[in-house]
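Data first, discussion second: the structure below is written as structure tokens.
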Amino acid sequence: MIGQEVLPLFFTFHFYLFGLVALVGAIIFVTRKSPVAAAMWLVVVMFALAALYVMIGAEFIGMMQVLVYAGAIMVVFLFVVMLLNLGHPSELGDMRGRFGRIAAGFVGLGLVAQLLALSRNALTPELVLPVGAALPAVDQPGGIIGPVAAPLFNEYLLAFELTSVLLLVAIVGAVVLAKKRSA
Amino acid sequence: MSFDVSTPTGLLQALGPDLVLIVGAMVLMLVAAFRPESAGHQRRVGLMALGVLVATIATMSWYATNASSTTVHGIIAVDGFRWAVNLVFLVGAAATIALGIEANPRDRIVAAESHVLVLFATAGMMVLAAARDLMIVFLGVEMMSIAVYVLAGINRSSARSAEGALKYFLLGAFSTGFLLYGIALIYGATGSTHLGVIGERIGTFGLAGHGMLLVGVGLLLVGFAFKIAAVPFHMWAPDVYEGAPTPITAYMAAAVKAAAFAMFLRAWLEAFSLLDGSWLTPIWWLAAVTMVAGNAIALAQRNVKRMLAYSSIVHGGYLLVAVAAGTGLGSAAFLFYGIAYTLATFGAFAIVSVMAPTGSRGALIRDYEGLWTTRPWLAVGFAICMLALLGFPIFGGVGFFAKWYVLQAAITSPRELTPLAIVLVLTSVVSAGYYLHVVRVMFMKPRPEDADEPGPVYPLTQAVLVGSVALILLLGLFPNTLATWAKDNALGARPTAVTTNAP
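Protein sequence lines correspond, in order, to chains W and C.
Its first residue numbered 0, the first sequence is counted upward by one per residue in numbering that gives the first Met the number 0.
Its first residue numbered 0, the second sequence is counted upward by one per residue in numbering that gives the first Met the number 0.
What follows is the structure, encoded as structure tokens:
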């Protein structure tokens with residue numbers, strides 16, 4: 000792990016780089032008219048966040064972020080967008096009419112005010128990670144995945160295996176129902 | 000042989016029969032996909048599926064005499080109740096596949112996976128019967144349900160089948176939500192998902208009146224009532240039963256219901272027996288309303304499949320009386336009833352599948368008029384199944400004793416269930432109105448001129464039919480064998496400690 004304490008400049012540079020990518024990506028994401036383009040920008044945001052997770056030593060969460068959010072959930076988003084209403088971005092807007100825009104503006108201002116108020120107050124001590132401290136789980140033998148893996152393959156082994164059979168049944172069932180019949 | 004199910008190795012060994020079935024189903028899944036769909040391939044996979052079931056039954060009978068568990072709070076149970084209920088599922092699955100092999104071509108179902116899905120659903124039921132942890136219960140319920148949702152809609156050329164399957168899927172998913180929420184609340188109240196631990200903690204911490212626990216158990220009850228189609232959670236059942244291919248309807252009426260009851264009986268006896276006061280009342284009313292309303296609506300049916308659907312709802316109500324008894328005797332009565340009801344159901348549906356070769360035509364009670372004059376053996380077989388479902392003495396064979404043991408469990412229960420037993424007897428009398436109506440129509444009416452000739456009885460269907468009718472009559476003559484078996488395998492009859500084959 001490239002920690003803050005090993006290469007401070009390297010760490011700071013990449014923190015701001017990915018932070019900037021995430022922020023800019025998020026702004027572009029919410030301003031796109033085309034749903035497909037918006038979804039692709041959301042993928043960019045997810046990747047940047049995953050990089051930030053890896054930098055603070057949470058490799059597992061970073062990996063899950065890529066697999067689950069940038070991978071599976073985004074694919075579902077894209078499928079829904081494509082199946083429902085491709086090519087009519089104007090009909091997808093949630094904010095229609097003047098009242099909607101004014102309401103959205105107020106909600107946005109409220110959120111900005113909340114962020115400002117929070118950033119002016121220092122965080123409570125428990126929430127601040129001491130400088131140079133690794134996350135406690137990283138020091139364990141199994142690394143950060145150990146605490147997840149050990150119960151999964153001991154205490155919950157049967158549930159874990161049965162889940163895989165359950166998913167198999169669901170896949171077989173979906174294929175049987177959706178398969179094209181020659182007859 | 001004794002297993003320590005707290006270790007992965009012991010768990011693997013204790014799941015022997017389940018693993019035989021699951022692995023067999025997976026291999027058959029590949030076999031089914033290996034060749035293009037055709038009626039011949041469907042038949043071949045079906046016969047192999049029967050082979051897998053025979054292997055599972057063989058493994059299970061070895062386990063039933065030799066296996067036990069040394070773990071106090073094992074995640075799965077290794078007891079007689081599990082094996083006895085498994086026998087009901089496996090016999091049901093074998094009859095379903097045997098009927099399906101010959102009924103599928105008539106319904107133009109060529110997917111060989113239909114048999115594989117029956118195996119997977121049965122594996123889910125076996126998991127459900129073994130589960131002593133609510134997490135495993137949930138996974139078993141889902142494995143069973145998802146496979147059955149697909150099976151209900153597997154006849155893609157029928158709009159009724161698709162309609163029924165969609166209703167079943169949506170309401171089933173909804174009821175799963177109740178089940179899961181109930182499990183979450185029970186976990187929240189007791190801090191465990193293990194049935195035994197929950198039971199202990201309810202006692203130790205005096206949680207019997209705990210609001211969160213009671214709401215959780217209530218939601219669990221709703222999810223269960225959906226699965227057994229108890230009134231007022233029965234709305235889906237008639238449409239689904241009518242739309243599904245006939246062998247699958249029989250499977251849903253017999254095996255799926257038995258699985259839900261097995262799960263519920265274990266949960267009630269092992270985890271929630273201390274909650275008697277607070278949830279006897281809901282079960283009492285559920286049983287009473289199911290018996291009364293189910294019978295009343297069944298009287299009005301004109302379609303045999305719908306009539307049998309309501310009959311299966313009513314039998315769920317009778318079984319709820321055994322659950323309400325809440326004793327080991329109640330679970331013994333359930334086992335006896337499970338065998339008797341499975342035999343009668345498969346016998347009846349075998350004839351329905353002969354009489355109505357293509358979906359809705361020939362499925363009306365009117366189409367059975369004068370069957371005695373053209374196909375006397377079919378008429379006799381159907382009459383015996385109807386009398387068994389009614390619980391008629393002698394001619395109804397084992398059906399009479401099934402009801403007798405449920406009544407006995409209700410009357411001897413410490414919970415004062417005599418009023419419920421009276422409701423059971425009275426509604427049984429009402430049910431004669433539709434069971435005997437079919438019998439009367441078959442024997443006493445002339446065959447109409449324009450009536451369709453019933454289809455031929457193919458060998459496997461014949462085997463199911465003759466087998467169930469013969470067993471109904473035979474077990475009716477010697478009910479003690481079955482009663483002893485049920486009593487030996489009741490919940491709590493063989494406790495978790497090593498009793499057999501101790502070294």
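For every residue, glycine included, the Cβ atom is placed at its ideal position computed from N, Cα and C.
Which chain W residues sit within Cβ distance under 8 Å of residue i?
i	result
Met142 (chain C)	Leu161, Val164, Leu165, Val168
Ala110 (chain C)	Val175, Lys178
Ile153 (chain C)	Val175, Leu176
Ile74 (chain C)	Leu157
Val115 (chain C)	Val171
Leu52 (chain C)	Those within 8 Å of Leu52 (chain C) in chain W number zero; the least Cβ separation is about 17 Å.
Val126 (chain C)	Leu161
What residues of chain C sit near residue i, judged by a beta carbon separation below 7 Å?
i	result
Ala158 (chain W)	Met134, Ile135, Leu138
Val232 (chain W)	Summary: the structure shown does not reach residue 232 (chain W), with chain W confined to residues 0 through 182, and so no result is reported for it.
Going by DSSP, what residues sit across from residue i in a beta bridge?
i	result
Asp132 (chain C)	C:His193
Leu363 (chain C)	C:Asn302
Phe2 (chain C)	C:Ser68
Ile75 (chain C)	C:Ala130
When the cut-off is 7 Å and only beta carbons count, does residue i lie next to chain C?
i	result
Leu151 (chain W)	no
Gly172 (chain W)	yes
Let's test the definition: count the other Cβ atoms within 10 Å of the Cβ of residue i and tell me whether it reaches 16, buried, or not, exposed.
i	result
Leu169 (chain C)	exposed
Phe223 (chain C)	buried
His233 (chain C)	buried
Asp238 (chain C)	buried
Arg374 (chain C)	buried
Glu241 (chain C)	buried
Gln407 (chain C)	buried
Lys178 (chain W)	exposed
Gln113 (chain W)	exposed
Thr498 (chain C)	In this predicted model, Thr498 (chain C) has a pLDDT of only 36, less than 50, meaning its place in the structure is not dependable enough to derive any value.
Lys304 (chain C)	buried
Asp78 (chain C)	buried
Ala489 (chain C)	buried
Val115 (chain C)	buried
Gly215 (chain C)	buried
Val111 (chain W)	exposed
Asp132 (chain C)	buried
Of all Cβ atoms in chain W, is any one closer than 7 Å to the Cβ of residue i?
i	result
Pro494 (chain C)	Confidence at Pro494 (chain C) is low in this model, with a pLDDT of 45, below 50, so the placement of that residue is unreliable and no value is reported for it.
Ile145 (chain C)	yes
Pro7 (chain C)	yes
Val149 (chain C)	yes
Val230 (chain C)	no
Ile247 (chain C)	no
Phe204 (chain C)	no
Phe119 (chain C)	yes
Since residue i and residue j should fall inside the 8 Å C-beta cutoff, what is the C-beta to C-beta distance between them, to a whole number of angstroms?
i	j	result
Ile383 (chain C)	Leu472 (chain C)	7 Å
Leu273 (chain C)	Ile182 (chain C)	That belief does not hold up - the Cβ atoms of Leu273 (chain C) and Ile182 (chain C) are roughly 18 Å apart, past 8 Å.
Gly390 (chain C)	Ala401 (chain C)	7 Å
Leu178 (chain C)	Phe137 (chain C)	7 Å
Arg31 (chain W)	Ala25 (chain W)	Actually they are not in contact, since the Cβ atoms of Arg31 (chain W) and Ala25 (chain W) sit about 11 Å apart, beyond 8 Å.
Ser430 (chain C)	Val351 (chain C)	Not quite, the Cβ-Cβ distance comes to about 18 Å (not below 8 Å), so this is no contact.
Chain C partners of residue i, CB-CB under 9 Å?
i	result
Gly145 (chain W)	By Cβ distance, chain C contributes nothing, its closest Cβ being about 18 Å from Gly145 (chain W), past 9 Å.
Mind pulling the chain W residues with CB within less than 7 Å of residue i?
i	result
Met28 (chain C)	Val171
Ile21 (chain C)	Val164
Flag residue i as yes when its Cβ comes closer than 6 Å to any non-hydrogen atom of the ligand PLP, and as no otherwise.
i	result
Leu184 (chain C)	Questions concerning the ligand PLP fall outside what the structure shown contains, since it holds no ligand whatsoever.
For a contact defined as C-beta to C-beta under 9 Å, what are the partners of residue i on chain W?
i	result
Leu10 (chain C)	Leu156, Leu157
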